[in-house]
Each structure stands twice: as structure tokens, then as C-alpha cells.
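Q: My structure is below; once you've seen it, I'll send some questions.
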Amino acid sequence: MHGTTILLIEVGALLFALGMLGRLGRRFGLSPIPLYLLAGLAFGHGGLVPLSASEEFIEIGASIGVILLLVMLGLEYSAGELVGNLRAAAPAGVLDAVFNALPGAAFALLMGWDWRAALVLGGITWVSSSGVIAKVLGDLGRLGNRETPVILSVLVIEDLAMAFYLPLVTAVLAGVGLIGGLKSLGVAVVTVLAVLVVAIRYGRQISALISARDAEALLLGVFGLTLFVAGVAEELNVSAAVGAFLVGIAISGPVAHHATEMLAPLRDLFAAVFFVFFGLSTNPADMPPVLLPALGLAAITMLTKVLTGYLAAKRVGIALPGRLRAGLALMPRGEFSIVIAGLAVASGVEPGLAPLATAYVLITVVSGPMLARLPDYEWFKTFIRRWRTPSPPPLRPLATEE
Numbered sequence: 001m002h003g004t005t006i007l008l009i010e011v012g013a014l015l016f017a018l019g020m021l022g023r024l025g026r027r028f029g030l031s032p033i034p035l036y037l038l039a040g041l042a043f044g045h046g047g048l049v050p051l052s053a054s055e056e057f058i059e060i061g062a063s064i065g066v067i068l069l070l071v072m073l074g075l076e077y078s079a080g081e082l083v084g085n086l087r088a089a090a091p092a093g094v095l096d097a098v099f100n101a102l103p104g105a106a107f108a109l110l111m112g113w114d115w116r117a118a119l120v121l122g123g124i125t126w127v128s129s130s131g132v133i134a135k136v137l138g139d140l141g142r143l144g145n146r147e148t149p150v151i152l153s154v155l156v157i158e159d160l161a162m163a164f165y166l167p168l169v170t171a172v173l174a175g176v177g178l179i180g181g182l183k184s185l186g187v188a189v190v191t192v193l194a195v196l197v198v199a200i201r202y203g204r205q206i207s208a209l210i211s212a213r214d215a216e217a218l219l220l221g222v223f224g225l226t227l228f229v230a231g232v233a234e235e236l237n238v239s240a241a242v243g244a245f246l247v248g249i250a251i252s253g254p255v256a257h258h259a260t261e262m263l264a265p266l267r268d269l270f271a272a273v274f275f276v277f278f279g280l281s282t283n284p285a286d287m288p289p290v291l292l293p294a295l296g297l298a299a300i301t302m303l304t305k306v307l308t309g310y311l312a313a314k315r316v317g318i319a320l321p322g323r324l325r326a327g328l329a330l331m332p333r334g335e336f337s338i339v340i341a342g343l344a345v346a347s348g349v350e351p352g353l354a355p356l357a358t359a360y361v362l363i364t365v366v367s368g369p370m371l372a373r374l375p376d377y378e379w380f381k382t383f384i385r386r387w388r389t390p391s392p393p394p395l396r397p398l399a400t401e402e
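Under UniProt numbering, read the sequence shown as residues 1 to 402, first letter to last.
Quick look at the structure:
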């Protein structure tokens, strides 16, 4: 009973503190995400006031937070829109992998690490954080913008790629050989395709099972189905985020509309817990030795992400401001990067990989939401207008008669 009391005190105080931090951030026009992360650092291992009793509870809440962020993204789009966006964004997905995975792999080789560490670091720098970006787009009111489907298409391609990459890299790190790696990859491919086919072909039947008129049944049905599919996907070595996103895609019509309204408060609650947990799992004492390499890697790969979003938005005819918004929104890395780094640490590939990955992700997650606001500032808009407007040619002196 005493342990339960401590749990309630820690969780209650933490949530209240997050509420105050969120209010403070919005008062100054900032996304609350960096404040949540810093709060996690303050309360984590090596922080000012470590939380012990509630750590396991917060870890579970963090997993639910990522799942809710992704299912809410899926509810914004139909299955037809998803397939259309994926086809249109396929070239951008290839550019995304080349621009962002290769710098990470090259950086690992420059550090003197082996090819397995290069494979891992390439994945860490490749994949943006769907959870962070979904939260940023919602905070900035950009879910209805023209460039948002482009951003989501890139994220979905990355998440689907992770469904194949994670089993493969797990097999490589475990040393199970080619046959074991191909078996894990085959299971991932079949699982993703099966869920995608069900979402596209039977989405209406799934929605018909859930009544939009009964609020309680709607909440329990959608939330339960999302957790179930996400858990099954995770058990099959496929990302839980992919499973949750495809559940959102499968639900359509009035059910999707009402589910969005009812799940929004739960999403905000558990998303905040997710960002805190990310900070909790980081020891601030591990950061200083790897800070400069992480800053250099972050600077390079944040620029390559901006280029990725810019070119992806340009392909579909979006104007310059929208291209910049797309590129800046894609910069944060997050949950997948930490998962990949954790696989490497568990296999004992490279001891310096974990603190480097953590510092790298923290830099991108803290600075990314702040930089994503740049296109909203008037001085930035003025700068872009001046940059787009060519300078007038110099005046030529009038000829005079001799």
C-alpha cells in the first residue's frame, strides 16, 4: 500500500508540473515538447530528483503515448489517400534514405567503428520521430496544411521501412546468420502487408462494428483495437507505431470523426508522458563527452532532412513557404532511433553508441520543434520574400551628347 501511495504522489506531482510547463511554453509561443524532455532529464537517473516508484508506470504510459499519436494521425486520412500518397512520395522516400542514412553510416566509420555500428547509426539518423512531429503539427495548427500529407507520407514510408529494417538489424546484431535474418524479414513483410490489406479492403466493415452514437463503446472499441493490433505487430517484430497508424487508416466515416474528438485528451496526456520518459531514460552525466560529435552529426543530418522535405514538397507543386515548413518539421529524431540504439547496446556492438545516440536525439528533439516555428515568424517571412525577389539591375548612366 505504501508503494501505491508513493506512486500516486510521484505521478500526480509530475503531471501537475507538466501542466504548468505546457502552460508556460504556450505563453511564450513555444512547443512544450522541449520542456517535457528537460523535465524528464531532471527527474531521471542522475537528475535532480529521481523518480523510482513510478518509472515502470511511466514506461508503459510512454508506449501508449506513441500508439495514440500514430492512430490519431491515421484517423486523419483514408486508405485510398494513404496509397495515393505513398505512390507519390516513393521517390522522396528513396531520397530520404540516401540523404539521411548515409551520413550516419559514414560518421560511424570515421569514428573507427565497424560495419555493424555503421548500419545501426545509419538507421538512427535516417528515421524522423513520428510521435514528436505529430505533436508539433498539432501544436502549430498545421494538420490541414497542403504540405502535411507530404510530411506524413515520408513518415509512413520510414515507419514501414522500419518494419523491415528492425528485424534485419536485430538478426545481424544477434549473429543468427543469413537464414535467420531472411526469416525475420519475411515475417515482417507478411505482417505489414496483411494489416495493410485488411485496412484497405475491410475498413468499412471494421468501422461498422463500432457505434459512433455510443460514446463509451466508441472509446473502448477504438482504443482497445488500437492497443491489440499494436501489441500483435510488436510481437511479430513489426513496429507498434505502424500497427496503430494502420488501425487509424482502417477506421473511417463518422466513427473516425468522433474517435478523433474522444481520443484527443488521452493522446495529449500520454504523449506528454512519452516525452518525459525519453528524458528519464537518459543520464545527464553521459552527455558531455559525446556532445560535440553529436552536435556535428545533428547539424549535418538536420540540414539533410530539410532538403528531403523541401524536395518532397516541391515535387507535388507546393510553394516555397510550404517546402520550408515540410523540411523543418522532419528534423526531430526520436522513438525509433532510441530503439535501434538499444538493440546495439544489448548486443555489445559499440559502448560509445548509446550516449552518442541519446545526445543526438535530444539535440534534434529539443531544437527541432523550435526551428519548426521559423516559417511562422514575420521576420522569417520577410527574409524569404526578399530572397525570392531578384534584385533590380543597376541603373545605367544616361548617355550625354558631346
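Don't be surprised by glycine CBs; every beta carbon is placed ideally from N, CA and C.
First and last residue of the alpha helix (DSSP H) that includes L328?
A: Unbroken alpha helix (DSSP H) run through L328: 320 to 329.
Q: For a quick check, are the C-beta atoms of A294 and L356 less than 7 Å apart?
A: Yes, the Cβ-Cβ distance between A294 and L356 is below 7 Å.
Q: Got a sec? Which residues, its chain only, sit under 7 Å from A329 by beta carbon, not counting five neighbours each side?
A: Same-chain partners within the cutoff: I133, V136, L137, I151, G309, A372.
Q: Leaving out the 5 sequence neighbours to the left and right, which residues in its chain are closer than 7 Å to A89 when beta-carbon positions are compared?
A: V150, S153, V154, I157, A312, listed in sequence order.
Q: May I ask you to verify whether the region 189 to 208 touches the region 238 to 254, counting CB pairs closer than 8 Å and requiring at least 3?
A: Flag = yes, the region 189 to 208 and the region 238 to 254 touch.
Q: Would I124 and S367 be called neighbours here (beta carbons separated by less than 7 Å)?
A: No, they are not a contact pair.
Q: Any chance the region 316 to 334 sits against the region 139 to 147, with 3 or more Cβ pairs inside 8 Å?
A: With a cut-off of 8 Å, the region 139 to 147 and the region 316 to 334 count as touching, because enough Cβ pairs lie within range.
Q: Run through DSSP, which three-state label would residue 450 get?
A: Outside the shown range of the chain (1 to 402) lies residue 450, about which nothing can therefore be said.
Q: Given that a residue counts as buried once 16 or more other Cβ atoms are within 10 Å of its Cβ, and exposed if not, what is A215?
A: A215 is exposed by the Cβ-count criterion.
Q: Answer with buried or exposed for residue 422, where buried requires no fewer than 16 other C-beta atoms within 10 angstroms of its C-beta.
A: In the structure as shown, the chain starts at 1 and stops at 402, and residue 422 therefore has no counterpart that could be examined.
Q: Please return the same chain residues whose Cβ sits closer than 6 Å to the Cβ of S211, not counting the five positions on each side in sequence.
A: These residues qualify, in order along the chain: A217.
Q: Would the beta-carbon of I67 fall within 7 Å of that of A230?
A: Yes, the Cβ-Cβ distance between I67 and A230 is below 7 Å.
Q: With DSSP run on the structure shown, which of helix, strand or coil describes L15?
A: If DSSP states are grouped into helix, strand and coil, L15 belongs with the helices.
Q: Going by DSSP, what residue range makes up the alpha helix (DSSP H) through D376?
A: Taken as a continuous stretch (DSSP letters only), D376 belongs to no alpha helix (DSSP H), as it is neither H nor E.
Q: Taking 7 Å as the cut-off, decide whether the C-beta atoms of G19 and P32 are in contact.
A: Contact flag unset, no.
Q: Could you compute how far the alpha carbon of D268 sits from the alpha carbon of G221?
A: Rounded to whole angstroms, D268 to G221 spans 19 Å at the Cα level.
Q: Rounding to the nearest angstrom, what Cα-Cα distance links L173 and G186 in this structure?
A: The alpha-carbon atoms of L173 and G186 are separated by roughly 17 Å.
Q: Applying the criterion that 16 or more other CB atoms from any shown protein chain within 10 Å of the CB defines a buried residue, is E401 buried or exposed?
A: Because E401 carries a pLDDT of 49, less than 50, the predicted location of this residue cannot be relied on, and no value is offered for it.
Q: Compute the Euclidean distance between the alpha carbons of I9 and V189, then round it to the nearest angstrom.
A: Going from the Cα of I9 to the Cα of V189 covers about 44 Å.
Q: Under 7 Å, do G65 and I249 count as touching if we go by C-beta distance?
A: The answer is no: Cβ separation not under 7 Å.
Q: State the DSSP-derived secondary structure class of I300, mapped to helix, strand or coil.
A: Of the three classes helix, strand and coil, the one that applies to I300 here is helix, per DSSP.
Q: Starting from W113, trace the alpha helix (DSSP H) in both directions and tell me its first and last residue.
A: Unbroken run through W113: none, as it is neither H nor E.
Q: Assign Y202 to one of three DSSP states: helix, strand, or coil.
A: Three-state DSSP puts Y202 in coil, outside helix and strand.
Q: Runs of 3 residues minimum, wholly inside the region 220 to 296: which ones carry the beta strand (DSSP E) assignment?
A: With a minimum length of 3 residues, no continuous beta strand (DSSP E) run stays inside the region 220 to 296.
Q: Distance, Cα to Cα, A106 vs T304?
A: Going by the C-alpha atoms only, they are around 14 Å apart.
Q: For the candidate residues V11, D114, L140, whose alpha-carbon lies nearest to that of L374?
A: Minimum Cα distance to L374 is reached at L140.
Q: Would you mind working out which of G296, V339, A264, T4 sits nearest A108, comparing C-alpha positions?
A: Cα-wise, what sits closest to A108 is G296.
Q: Taking a contact to mean a Cβ-Cβ separation below 7 Å, would you say R116 touches V345 in this structure?
A: No, they are not a contact pair.
Q: Is F99 buried or exposed, if buried means 16 or more other CB atoms sit within 10 Å of its CB?
A: When all chains shown are included, F99 counts as buried.
Q: May I ask you to report which of helix, strand or coil DSSP gives V127?
A: Coil.
Q: In or out: G224 buried (at least 16 other Cβ within 10 Å) or exposed?
A: Classification of G224: exposed, given that the 10 Å Cβ count is below 16.
Q: Could you tell me the alpha carbon to alpha carbon distance between R26 and L35, rounded to whole angstroms?
A: Those two C-alpha atoms are separated by around 11 Å.
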